[in-house]
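The sequence shown begins at 19 in the working numbering and counts up one residue at a time. Where a beta carbon is used, it is the ideal one built from N, C-alpha and C, also for glycine.
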Amino acid sequence: MADLRAELVARIAERAAGQPVFLLGIAGGVAAGKSTLARTLADGLEAADLSVQIVATDGFLKPNAVLEAAGLGMKKGFPETYDSEALHAFLDALAAGLRAEIPVYSHVTYDILPGETRPVEASGVVIVEGINVLQTAEARARFALSLYVDADPVDAKSWYLARLHGIIAADPDSFFARLDAERRDAMFEAAWTHLNLVNLHEHIAPTMAFADVVVLKGSDHAVQGLRWR
């Protein structure tokens, strides 16, 4: 609902006003709508004359070659597949008022782009979104405000599949576009059931308890409610 989004933007803007840098974390399951919410909040905050940058923690995933060498290729997205030390150092730098760099992750190749980084200035509101945002005490301590996006897994699965097929339609040279359709769909189903759902129940959903605000999402992606701590 528009009034709930407006309430969230207003309360964030109030807290961020006058702060040199305001770190806002957004956690939640795969395809729950973290990126969509981040963009919606950014638009509202920018309309309130605040500068905003959005960062996805996908950039802190270990490269595929490193994951494969460690036997973690089939657990991508689980806590051990992220470079948590690099994430903590990134957040520490921003909190200290220092410019930071984040590796670049491609959802087309599903891998870190070698040698590519993106600069992030320590100013205004920095929205950090990702499934692992609230999984470590070190990360949680750096956020001035943290949100958890709570969506029905049935809805999240449909959004997940739509996103993957959208990437395939947009880029016929992408990783999954080159696979046989039947094999690809079987991989998507297996990834959701044996990877994303397990990760959600074991590692992501428990972090809801650490969020300052739980954002309840409906099947139409609309915000249905806010629970403030």
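Item	Value
Of the choices Q37, I30 and G46, whose alpha-carbon is the least far from that of K235?	G46
If we ignore side chains and look at the alpha-carbon of each, how far apart do F78 and I44 end up?	15 Å
For F96, which residues of its own chain have a beta-carbon under 6 Å away from its beta-carbon, when the five flanking residues on both sides are left out?	N217
Could you please give the first and the last residue of the uninterrupted alpha helix (DSSP H) stretch that includes S176?	P171 to A188
For Q153, is the classification buried or exposed, using 16 other Cβ atoms within 10 angstroms of its Cβ as the cut-off for buried?	buried
So, for A66: in the same chain, excluding its five sequence neighbours on each side, which residues have a beta-carbon less than 6 Å away from its beta-carbon?	A31
Suppose you measure from the CA of M205 to the CA of T135; what does that come to, to the nearest Å?	30 Å
So, at 7 Å on beta carbons, what are the nonlocal neighbours of F108 in its own chain, with the 5 sequence-adjacent residues on each side left out?	A118 and I120
By how many angstroms is the C-alpha of Q37 removed from the C-alpha of H17?	In the structure as shown, the chain begins at 19 and stops at 247. Residue 17 is therefore absent and cannot be evaluated.
Could you work out which residue in F40, D170, A24 and G243 is closest to L112 when comparing CA atoms only?	F40
Which two residues bound the contiguous alpha helix (DSSP H) that contains L63?	K52 to A65
Would you call the region 161-172 and the region 140-152 in contact, with 3 or more CB pairs under 8 Å?	yes
Report the CB separation of L59 from A34 in whole angstroms; it is logged as a contact under 8 Å.	Incorrect: roughly 11 Å between the Cβ atoms, too far for contact.
Can you list, in chain order, the stretches of the alpha helix (DSSP H) that have 4 or more residues and sit fully within the region 100-158?	102-113 and 155-158
What is the rounded straight-line gap between the Cα of A56 and the Cα of E147?	7 Å
Nearest-angstrom Cα distance between W177 and A87?	31 Å
Going by other Cβ atoms of all chains shown within 10 Å of its Cβ, with 16 needed for buried, is W246 buried or exposed?	exposed
Looking at the unbroken alpha helix (DSSP H) that takes in D21, where does it start and where does it end?	A20 to A34
Going by DSSP in three states, V39 sits in which element: helix, strand or coil?	strand
Just the Cα atoms here: how many angstroms apart are S102 and A157?	9 Å
Any idea what DSSP makes of G95, helix, strand or coil?	coil
Only counting the same chain, and skipping five residues up and downstream in sequence, which positions put a Cβ closer than 6 Å to that of G243?	L234
So, using beta-carbon positions, are A83 and L116 closer together than 8 Å?	no
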